Structures are given as C-alpha cells and as structure tokens.
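Engineer: Numbering (my numbering), first residue to last: 9 to 148. Glycine included, every Cβ here is placed at the ideal spot set by N, Cα and C. Computed from a predicted structure; not experimentally measured.
1) Using 10 angstroms around the beta-carbon of residue 30, count the other beta-carbons present and answer buried if the total reaches 16, otherwise exposed.
2) Comparing C-alpha positions only, which one of 102, 13 and 119 sits nearest to residue 137?
3) Can you check which of these residues, 34, 24, 121 and 71, is closest to residue 11 by C-alpha distance?
4) Secondary structure at residue 16, three-state DSSP: helix, strand or coil?
5) Go through the stretch 38 to 78 residue by residue and report every complete run of the beta strand (DSSP E) that reaches 3 residues or more, in order.
6) What is the rounded straight-line gap between the Cα of residue 48 and the Cα of residue 59?
7) I need the DSSP call for residue 118, collapsed to helix, strand or coil.
8) Quick check on the burial criterion: 16 or more other C-beta atoms within 10 angstroms. Buried or exposed for residue 56?
Shown next, in the form of structure tokens:
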C-alpha cells in the first residue's frame, strides 16, 4: 500500500507521497519555513501563506507533493491549465499541467500539476524520473 501523508492549515491540504519523491529539494529551497526535511513533521503549513504553499507545491518536479483546497466551492486545484514542457539541464523532462500517461502495457494514469519524465534512461520507474540521472552523471 502506498504511503500518503496529509498536512492542512484549514484552507489547503498538502498530500505527500514519499514513493514519488526524487529529493530535488525544490520545496525546501523555495519555502524552507514550511518544508524542512530536518524537522518532524517536515511539513508545517502554518508557517506559510496558502498562496505561497500552493505555488511551491506546483513546482514539485515529481508530483510527490500535491494539494487540494479544503473549501467545497473552491475549484482552483481542479482548474484546467495549459500544459508546459521544460527540459532541465542534465535532468528530467518536466511537464506542467494535466495529462494522461499510457505505459508500455497500455495502462493509463492521470497526472496533474508537475510530472518529471526520465531522459537519462536509468530510471527504475520509467517513464518517470527517479533521480537516477544524478548517480549516472547524465549530460543532456
């Protein structure tokens, strides 16, 4: 069973799936008062504003961090956004937005926010990045 941890400040709930995390530290570098892996719990939403938390969660390259707004009438987290593709130097291909991914066996999954796809070929979680590009010294 996949582990999912939820953290809330009453307005927004952040969901963390450790198995998806590639430890890019983007969350920690971007909002260290909220995301601090040296503390337990490592996510303390009361230390940040909802808008900055949502913005930082959207920057998560592996979608290990996701969010939803707690108010039933707030549809922000379900809004359709334009899809943007970004190539990270010596790293994964990041796709921002909503997309459907079909694996080699034809299984489909829906991804939203940010999805990191492997470019180095070494990932054990293809087509997704698992951070292997760091240990293989991928150049690209």
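Structural biologist: The relevant details are as follows:
1) By one-based count along the chain shown, residue 30 stands at place 22. Buried: at least 16 other Cβ atoms inside 10 Å.
2) On the chain shown, residue 137 is found 129 positions in, with the first residue counted as 1. Closest by alpha carbon: 102.
3) Taking the chain shown and counting its residues from 1, one reaches residue 11 at position 3. The shortest Cα separation from residue 11 among 34, 24, 121 and 71 belongs to 24.
4) Here residue 16 refers to the residue found at position 8 when the chain shown is read from its first residue. Here residue 16 sits in strand by DSSP.
5) 73 to 77
6) Position 40 of the chain shown holds residue 48. Position 51 of the chain shown holds residue 59. So the alpha carbons of these two residues sit roughly 23 Å apart.
7) Residue numbering aside, residue 118 sits at position 110 when the chain shown is read from its first letter. Note: residue 118 maps to strand in three-state DSSP.
8) For the purposes of this step, residue 56 is taken as the residue at position 48 of the chain shown. Buried: at least 16 other Cβ atoms inside 10 Å.
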